[in-house]
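Colleague: Next up is a structure, given as structure tokens.
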Amino acid sequence: MDYTFLKRQLRTAAVHKRSEIALDHALWCAEEIVARFNEIPLPKAPVFSAYWPMKTELDLRPLMHSLFNRGFTVSLPVVSGKEEPLFFRRWEPGAALVEGPYGTEQPDEKYETVVPTVLLLPLLAFDRTGGRLGYGGGFYDRTVNLLRRTGKPVVIGAAFSGQEIDRVPLEETDEKLNFVLTEKEIIKGI
17 MDYTFLKRQL RTAAVHKRSE IALDHALWCA EEIVARFNEI PLPKAPVFSA YWPMKTELDL
77 RPLMHSLFNR GFTVSLPVVS GKEEPLFFRR WEPGAALVEG PYGTEQPDEK YETVVPTVLL
137 LPLLAFDRTG GRLGYGGGFY DRTVNLLRRT GKPVVIGAAF SGQEIDRVPL EETDEKLNFV
197 LTEKEIIKGI
């Protein structure tokens, strides 16, 4: 079944819903995420990937700083091509970021490339089974698929609790989340 039209409608509604979140509430949620994150089981010596927030995405920068200050490797995704999986470069506070495709900000080439074992993904909507509705480019699906073929990454959707929907329509190429991390709870996906 082709879910293109349904997903487009869900994306439009999700963007609108997320845009209604008040800034002070969004800042509070970002801090709650830091405290709640410690409840997620992690692999030994984890290497984290996060994302630099765009528009009204949940801001993971407080969590990124917390992880870095605890001695963990933190990275950000880099878009290398339209149909390519992402790759990741090390991030540190004060790192020089350059403008990437689609309005992203990413570390420049002087930062080391790493392979994350824990991925924090942005999303527009999620469900309680680990379904994730992204922006439609397939970048994270391709990347997670590749990483799952060679290892067992922990894949976490980062979201405001209000982004939950009953069911995300999933296609064969859609990768499910291990967890969804919100300001209110951690939801076990797959």
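Offset between the sequence shown (1-based) and my numbering: plus 16.
The beta-carbon is built from N, C-alpha and C at its ideal position, and this holds for glycine as well.
Could you check which residue in SER91, ARG105, ASP157, LYS23 has the C-alpha nearest to that of PHE64?
Modeller: Out of SER91, ARG105, ASP157, LYS23, SER91 has the C-alpha closest to the C-alpha of PHE64.
Colleague: In the DSSP assignment, what residue or residues form a beta bridge with GLU125?
Modeller: None, per the DSSP bridge assignment.
Colleague: Relative to the alpha-carbon of LYS126, which residue among MET80, ALA112, GLY87 has its alpha-carbon at the smallest distance?
Modeller: The residue with the shortest Cα to Cα distance from LYS126 is ALA112.
Colleague: I'd like the span of the alpha helix (DSSP H) that includes PRO78, first residue to last.
Modeller: Taken as a continuous stretch (DSSP letters only), the alpha helix (DSSP H) holding PRO78 covers 77 to 85.
Colleague: Please classify PRO123 as buried or exposed, where buried requires at least 16 other C-beta atoms within 10 Å of its C-beta.
Modeller: Buried, because 16 or more other Cβ atoms sit within 10 Å of the Cβ of PRO123.
Colleague: So, for THR159: in the same chain, excluding its five sequence neighbours on each side, which residues have a beta-carbon less than 7 angstroms away from its beta-carbon?
Modeller: Correct list, in chain order: PRO101, LEU102.
Colleague: Count the other C-beta atoms from every protein chain shown that fall within 10 angstroms of the C-beta of GLY153, then say buried if there are 16 or more, exposed otherwise.
Modeller: The residue in question, GLY153, is exposed, as its Cβ has fewer than 16 Cβ neighbours within 10 Å.
Colleague: Here's the rule I'm using: 16 or more other beta-carbon atoms within 10 Å means buried, otherwise exposed. How should PHE195 be labelled?
Modeller: When all chains shown are included, PHE195 counts as buried.
Colleague: Assuming ILE37 and PHE176 form a contact by the criterion Cβ under 8 angstroms, report the distance between their Cβ atoms to the nearest whole angstrom.
Modeller: Confirmed, about 6 angstroms.
Colleague: To the nearest angstrom, how far is the alpha carbon of ILE203 from that of PHE84?
Modeller: Cα-Cα distance, rounded: 24 angstroms.
Colleague: Report the start-end ranges of each beta strand (DSSP E) in the segment 121 to 169 that is 3 residues or longer and not cut off at the edges.
Modeller: Here the runs fully enclosed are 121 to 123, 134 to 137.
Colleague: Compare the Cα-Cα distances from ILE49 to each of ASP18, LEU136, ILE206, TYR118 and report the closest residue.
Modeller: That would be LEU136, whose Cα lies nearest to the Cα of ILE49.
Colleague: Check whether the segment 166 to 183 and the segment 55 to 62 are in contact - that is, three or more C-beta pairs closer than 8 angstroms.
Modeller: Yes, they touch.
Colleague: Cβ of PRO138 within 9 angstroms of Cβ of GLU73?
Modeller: Yes; because the gap between Cβ atoms is below 9 angstroms, this pair is in contact.
Colleague: Closest to LYS33 by C-alpha separation, out of GLU180, LYS200, THR198, would be which residue?
Modeller: Of the listed residues, the one whose Cα sits closest to LYS33 is GLU180.
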